Each structure stands twice: as structure tokens, then as C-alpha cells.
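Residue numbers (this note's numbering): 327 to 562.
We put the beta carbon where it would ideally sit given N, CA and C, even for glycine.
Quantities reported herein were computed from a predicted structural model and do not represent experimental measurements.
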């Protein structure tokens, strides 16, 4: 029987675990595109892998054999991403498939997945599927897990940091436009009154009302001083 979904429907034909959900029940809520473009998706994947390597390195204390993720955890993380459609975020390889890609034993893969989950990089749900079979035996079987990057804690912070460092600078025309807008705004404020400037910067708020009143008083005092200054008066 061919797999009804993903690349491999089952790790083995076994009875489904009680905590499994039917295939198709929740995937639309957990699988999201890794980016709006392929370039953004690749950048996100690279950031996740880079963050996992740094997390593992930083968590390794002197004398420890490995960090909190370990070499096998990094291999499993990369194995999960082989052939994934980044624009859909669909990750559902079987344990056997991960074993083959990472060249690791089943128990090692299972422990590595748990470490990635504990570190805040990965999450998954167990799934089940009903088979149209004949004869005795269970009709509901265990399907492959649905995985996604549920980034939490330090893992999320590392990914954001790496993404921010890799984000390209804005184009020159955008920088120039922002500078021109700032200059025009400053010139406009200089032409207006102190009250207008306070309202522009602080808006309609208690603080804005207070500074607007102060600006109005300053404008009034400045007007009174100018009216009494002989140098400001025209000759008749």
C-alpha cells in the first residue's frame, strides 16, 4: 500500500498511541512558510541550524562530552530538513527516514529529538491514520510525526539575533528618503509655534496637553518681548 501522505506513512504497522491525533487534524495550524520568499526561507533555516550549533557550544561545560544538543542532535536537525518544502513548512519524515539520513540508530535519533525539544528548537505531534485493511488486527495505525520549529527561550533569541545580523541594509534611496523626510519635518516644526511642535511630538495626551500649554506660554512671552523691542519695530 502506498503512503497516503508525506514520503513514508509509517515507521511500522503498529497500533496508534492514545495521544495521537488524526492525520490532517492540526497540520494547517502548525505548518507555516519559513519565509515569504525562498531566500528568506533559506535564511531562516540557516539561522535555526546556526543557533542550534551556538546553543550546543555555549552549553558545553569544561569536561563535558557534549553540549545540550550534541552532535547527533545537530545531525537529526539537518536530517529533518532534507527535501522539505520551505514555502509550506511541512516536516513529517518517519523515524526510519531520519535514521537513514543521519546514519544513526533509532534510540539515538529518539534521544536527539528529545534534546532538540528540551532546548526549545523543535516540537511535534504524534499522528494516526485509519487503514482500509481486511482481516483481524487494528485499523488505526501510528503515522509519522508532524514536526515544526516551536522556538522558545534562548533558542528563539539566538535565531532572531542571527536573522538580524544577516538582514541586508536598506537601499540607498530608502535611507535618503528617510533623511529628507526628517529634514522636512524639522523645518516644518521650526516654522510653527512651540505649541504646534508639542502637539506634533506628543499628540493628544495628558503629557501633550501639558507641553502644549507650556509652548503656548513661551510663544506668548516671546511675542510680548518682540513687541517691546525697538529694533523689531518699523520706522513710521
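- A direct Cα-Cα distance of roughly 24 angstroms separates residue 429 from residue 385.
- DSSP lists 453 as the bridge partner or partners of residue 469.
- Beyond the five residues adjoining it in sequence on each side, residue 382 comes within less than 6 angstroms, by CB distance, of 393 and 395 in the same chain, given in chain order.
- With 16 or more other Cβ atoms from the protein chains shown falling within 10 Å of its own Cβ, residue 435 counts as buried.
- Residue burial is scored here from C-beta neighbours: residue 506 has fewer than 16 other C-beta atoms within 10 angstroms and is therefore classed as exposed.
- By the 16-neighbour rule on beta-carbons within 10 angstroms, residue 426 is exposed.
- Here residue 540 is exposed, its C-beta having fewer than 16 other C-beta atoms within 10 Å.
- Inter-residue distance for residue 390 and residue 415 is about 34 angstroms (C-alpha atoms, whole angstroms).
- Our two residues, residue 402 and residue 444, have alpha carbons roughly 14 angstroms apart in a direct line.
- When only Cα atoms are considered, residue 380 and residue 360 end up about 21 angstroms apart.
- A straight-line Cα-Cα distance of about 16 angstroms links residue 354 and residue 470.
- Beyond the five residues adjoining it in sequence on each side, residue 442 comes within less than 8 angstroms, by CB distance, of 378, 395, 399, 402, 403 and 448 in the same chain, given in chain order.
- Using a Cβ distance threshold of 8 angstroms, residue 419 and residue 406 count as a contacting pair.
- Counted as a single uninterrupted DSSP element, the alpha helix (DSSP H) harbouring residue 488 occupies residues 479-492.
- Across the structure, residue 397 and residue 508 are spaced so that their CA atoms are roughly 51 angstroms apart.
- In the three-state DSSP reduction, residue 359 falls in the coil class, being neither helix nor strand.
- DSSP places residue 347 in the strand class (E or B) of the three-state scheme.
- Around residue 544, the same chain offers 520 as residues with beta carbons nearer than 6 angstroms, after the five sequence neighbours per side are excluded.
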